[in-house]
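Per this note's numbering, residue 4 is the first one in the sequence shown, and the count goes up by one each step.
We put the beta carbon where it would ideally sit given N, CA and C, even for glycine.
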Amino acid sequence: MTVIMGYLHGRQNWKIKQIPGEKLTHINYAFAKIEGLNLVDKGAHFKQIATIKQHFPNLKVNISIGGWGAEGFSDAVLNADSRNKFATNIINFIQQYGIDGVDFDWEYPGSALGGIKSRTQDAENFYAFLKVLREKLASCSDEYEISAAIAGDPSLLTSLINGEKLSIAEYLDYLNVMTYDLRGSWTNITGHQTNLFPYDAIEGELSINTTVKYLIAKQVPTDKIVIGSAAYSRDWREVDQQAPSPVGALAKEKGTQTTPYQKISQLIAQKPQCYFWDEKANAPYYFDEQVFRSFDDEKSMESKVKYVQQQRLGGLMLWELSLDPQNQLISAATNALDK
């Protein structure tokens, strides 16, 4: 089975009829937050989980814990007692809402990059916690799943490496690799944010293929690797029009702004001449009025599905479903599976 997974943000505006449940294998519902050793619903959105399960009983629905800048992980996995209690509370949550598992979006173990508390032993403690959680879940049912969203940049994965192995993979069903925002808010040089392959404009730039090869070298089973795709663009404004190419050009602003794919598809329909395809990167971009936008579209989703099949990977995931309410991207992915 090829995984087609969508993250769904509870705080975004969406209606159940917009969810392409029949085209997905998994939804990761984002986010639960950690307070103490408990999962909390800050916006009273968890009732939506039951609605999703009622409409799509065959769909795997998992709760995603954390997100960028989310606190609580380091303390929750700190010692044997906290790990045991945190695992028990997660299982209680899963059973309370009748869902299929849990996804951890800790950005990142052992790193304070997101402004969160971190410790040098975070990765070791996370591994120990996952072992406890897997054992506890197995005593309830073999059907429960555990996944983790991990960085798309290999330099942010080094704390998880034990010897020559990415150790947490042992207890995970899937590693959802955040291979988007590979270029973005930290630079004013334009580039692709979710490209399949490296490209000429920027030497040594990140790509999905580079990260996948890194994970395989670190002994991650290929069928556990789920590559990421983006239902939004990264935008650079006031781009130098004298540059040889808009890819790798200097902009006055960093790539901090984003645009939902729903809007991107409208822009392309209005000005198709401003849409371009980078054959080497296997990635589209849109350049108009000194604004450079990097994103996924139907063509790149099809390329990614073919790549998943060729490399025998676990599948493909999308952040985030409500940004593409017409489901053009997920539809392209599932159609590619049928070819």
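Status (buried if at least 16 other CB within 10 Å, exposed otherwise) for residue i
i: L253; result: exposed
i: W280; result: exposed
i: K307; result: buried
i: S109; result: Correcting the residue type first, residue 109 is Trp in the shown sequence and not Ser. Buried is the call here.
i: A141; result: exposed
i: H58; result: exposed
i: G251; result: buried
i: A33; result: buried
i: K56; result: buried
i: P247; result: exposed
i: S158; result: exposed
i: G317; result: buried
i: T161; result: exposed
i: V43; result: exposed
For residue j and residue i, believed in contact at Cβ under 8 Å, the rounded distance
i: T213; j: T197; result: Wrong, their Cβ atoms sit about 13 Å apart, outside the cutoff.
i: N65; j: N31; result: 5 Å
i: F49; j: A90; result: Their Cβ separation, rounded to whole angstroms, is 19 Å, which puts F49 and A90 out of contact at 8 Å.
i: G13; j: I333; result: Not confirmed; about 18 Å, so no contact.
i: S188; j: P201; result: With 8 Å as the limit, S188 and P201 do not qualify as a contact, their Cβ atoms being about 21 Å apart.
i: G137; j: I149; result: Reading the sequence as shown, one finds Arg at residue 137 and not Gly. Between I149 and R137 the Cβ distance is about 6 Å, and since that is below 8 Å, they are a contact.
i: K139; j: I171; result: About 16 Å; that fails the 8 Å criterion.
i: A35; j: Y100; result: A35 to Y100, Cβ: 10 Å. No contact.
i: S325; j: N16; result: 7 Å
Closest residue to residue i among the options (Cα-Cα distance)
i: V229; options: G187, T190, Y177, I219; result: Y177
i: L175; options: Q314, F107, K307; result: F107
i: P60; options: I149, D103, L340; result: D103
i: V215; options: N87, G166, D156; result: D156
i: I7; options: I205, L199, N179, L326; result: N179
i: T262; options: S248, E241, Y235; result: Y235
i: S85; options: V135, I153, E241, K63; result: V135
i: Y147; options: L62, E206, S158, K120; result: L62
i: T190; options: I37, I97, V242; result: V242
i: Q329; options: M4, K20, T5; result: K20
i: S3; options: K56, A73, I55, K139; result: In the structure displayed, the chain extends from 4 to 342; residue 3 sits before or after that span and is not available.
i: D341; options: K309, W322, S325; result: K309
i: D300; options: L321, V311, K18, K283; result: L321
i: Y288; options: D238, N16, Q124; result: D238
i: K302; options: S158, T28, T161, A233; result: A233
i: A284; options: L185, A151, Y217, Q124; result: L185
i: F290; options: G317, P249, L218; result: P249
i: L319; options: D327, E305, G101; result: E305
i: A335; options: K26, I205, L218; result: K26
i: H29; options: S67, G39, Q245, C143; result: S67
i: G118; options: L326, G70, P247; result: G70
i: I97; options: S144, S121, Q313; result: S144
i: Y264; options: Q331, G231, A339, Q313; result: Q331
i: G39; options: N92, A220, I219, N338; result: N92
i: V311; options: C277, P112, I22, G231; result: G231
Where the beta strand (DSSP E) through residue i begins and ends
i: L178; result: 177-181
i: F107; result: 104-108
i: S67; result: 63-69
i: T337; result: Unbroken run through T337 is the alpha helix (DSSP H), 331-340; no beta strand (DSSP E).
i: F34; result: 29-38
i: Y217; result: Segment 211-220 is the alpha helix (DSSP H) holding Y217; no beta strand (DSSP E) there.
i: V6; result: 6-12
i: Y310; result: No beta strand (DSSP E) holds Y310; the alpha helix (DSSP H) holding it covers 301-314.
i: Q398; result: The first residue shown for the chain is 4 and the last is 342, placing residue 398 beyond what the model contains.
Enclosing alpha helix (DSSP H) for residue i [first to last residue]
i: L133; result: 125-143
i: H58; result: 50-58
i: N92; result: 83-100
i: S162; result: Unbroken run through S162: none, as it is neither H nor E.
C-beta neighbour in chain D for residue i, strict 8 Å
i: D184; result: The structure shown contains no chain D, having only a single protein chain.
Near the ligand COA: residue i beta-carbon under 7 Å from a heavy atom
i: A233; result: No copy of the ligand COA appears in this structure; indeed no ligand is present at all.
Check whether the stretch 294-312 and the stretch 254-265 touch, using three or more Cβ-Cβ pairs below 8 Å as the test. yes
With three or more C-beta pairs closer than 8 Å as the rule, is the stretch 63-77 touching the stretch 118-133? When Cβ pairs closer than 8 Å are counted between the two stretches, the stretch 118-133 is seen to touch the stretch 63-77, the count reaching three or more.
Below 8 Å, how does it come out for the stretch 219-226 and the stretch 268-278: are there three or more Cβ pairs, yes or no? They do not touch, by the three-pair rule.
Given 8 Å, three or more beta-carbon pairs between the stretch 191-210 and the stretch 164-174: no
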